[in-house]
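Here the sequence shown stands for residues 1 to 280, numbered as in the UniProt record's numbering. Worksheet: one structure, shown below.
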Amino acid sequence: MSRTVKVAALQASFSKDMQTNIDKVKELVRDAAAKGAEIILPSELFCDHYFCKVQDEKFFATAYPWAEHPAVEQLSNLANELGVVIPVSIYEKDGPEYYNSIVIIDADGTPLGVYRKSHIPDGPGYMEKFYFRPGNTGFRVWDTMKGRIGVGICWDQWFPEAARAMALMGADVLFYPTAIGSEPHDESLDTAARWRRAMQGHAVSNVIPVVAANRTGDEEGQIFYGTSFIADHAGEIVDELGRGEEGVIMAEFDLDFLDRHRAAWGFFRDRRTEFYDVLG
């Protein structure tokens with residue numbers, strides 16, 4: 001009997017009130033679980049508007065130690081109730097240091113640990129270096145009760161090394177929570193299509209499904225373009241949402257088939273690591 005997993009991504013707009021946003025995510029998680037989803041991905045930093053549009057020290061007060069974050073506590077209880085895995089994106093405070101982090105909550109409600117975003121962008125509308133240190137966890141994969149997963153965070157999605165590292169560590173599926181939309185410095189620049197293509201390429205090159213959850217809505221003039229999607233091992237889009245839609249997308253994957261197919265393509269067999277010194 002083949003091992004299968006049903007994955008889901010959530011897409012929503014968010015307010016400036018943390019509890020309202022957590023409640024919205026909880027409702028969407030319930031909807032996804034009712035449809036059979038086993039691993040459910042909310043988008044990046046869903047507890048607030050995306051605050052990195054500006055540099056304002058008041059936002060440091062919205063960070064919590066990861067184990068004490070209200071979203072982690074509440075979604076841990078929900079994961080236990082529903083028997084689902086939830087990667088939860090938070091603004092983390094660790095002593096004097098601040099990170100853009102993911103806490104992986106297993107299907108019994110147990111937080112398995114934290115991944116801290118490795119690649120931190122800095123540009124108009126996305127000034128994350130003011131708020132976050134580069135992550136110090138390294139790329140990680142997680143043995144959950146529903147499968148072995150790798151999770152990168154937003155800007156990580158542009159780096160093929162991140163996807164390959166997680167695939168080499170044995171991830172069954174890659175997940176990317178995201179907050180991306182309009183570019184304040186250039187109204188003509190729309191990155192939605194290339195955002196998708198980059199991750200579809202990770203799916204192809206690693207023969208692995210990719211799940212991407214983005215937010216939508218207008219936040220003080222910055223328009224988040226949604227277009228959340230799930231791609232299969234060939235990079236084909238199997239479910240998606242539009243720019244302004246809110247809701248749940250889902251797909252089911254046969255993990256044993258993916259293992260065989262990945263081996264057959266030989267991408268890991270034929271790697272020439274002796275030539276990779278340039279990567280350090």
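Beta carbons are placed, not taken as given, at the ideal position from N, Cα and C, and that holds for glycine.
In the DSSP annotation of this structure, residue 231 is not part of any alpha helix (DSSP H); the continuous beta strand (DSSP E) holding it starts and ends at 229-231. Around the C-beta of residue 225, 16 or more other C-beta atoms lie within 10 Å, and the residue is accordingly described as buried. Rounded to whole angstroms, residue 112 and residue 46 show a C-alpha spacing of 20 Å.
Every unbroken stretch of the beta strand (DSSP E) spanning 3 or more residues and falling wholly within the region 15-64 is given here in chain order: 39-41. The Cβ atoms of residue 93 and residue 124 do not sit closer than 8 Å to each other. Out of 132, 246, 239 and 256, the CA that lies nearest to the CA of residue 171 is found in 256. A Cβ-Cβ contact shorter than 8 Å links residue 173 with residue 209. Note on geometry: alpha-carbon atoms of residue 177 and residue 272 lie some 31 Å from one another. DSSP, reduced to helix, strand and coil, places residue 277 within a helical segment of the structure shown.
The Cβ atoms of residue 212 and residue 9 lie closer than 8 Å to each other.
Of the other Cβ atoms in all chains shown, fewer than 16 fall within 10 Å of the Cβ of residue 252; this residue is therefore exposed. For residue 204, the secondary structure class from DSSP, reduced to helix, strand or coil, is helix.
Counting along the chain, residue 92 sits inside the beta strand (DSSP E) bounded by residues 86-94.
Contact between the region 178-197 and the region 133-144 is absent: fewer than three C-beta pairs spanning the two stretches fall below 8 Å. Apart from the 5 residues on each side of it in sequence, residue 31 sits with its Cβ closer than 7 Å to the Cβ of 248 in its chain, given in chain order. Residue pairing from DSSP places residue 100 in a beta bridge opposite 91. Annotation for residue 175: the continuous beta strand (DSSP E) segment containing it runs 173-177. Distance from the Cα of residue 12 is smallest, within the candidate group 230, 260 and 215, for 215. C-alpha of residue 26 to C-alpha of residue 277: approximately 45 Å in a straight line. Considering only 2, 57, 83 and 3, the residue with the shortest C-alpha distance to residue 34 is 83. The shortest CA-to-CA distance from residue 98 to any of 133, 80 and 107 is the one to 133.
Inside the region 232-276, DSSP marks whole beta strand (DSSP E) runs of 3 or more residues at positions 237-240 and 247-254, from first to last along the chain.
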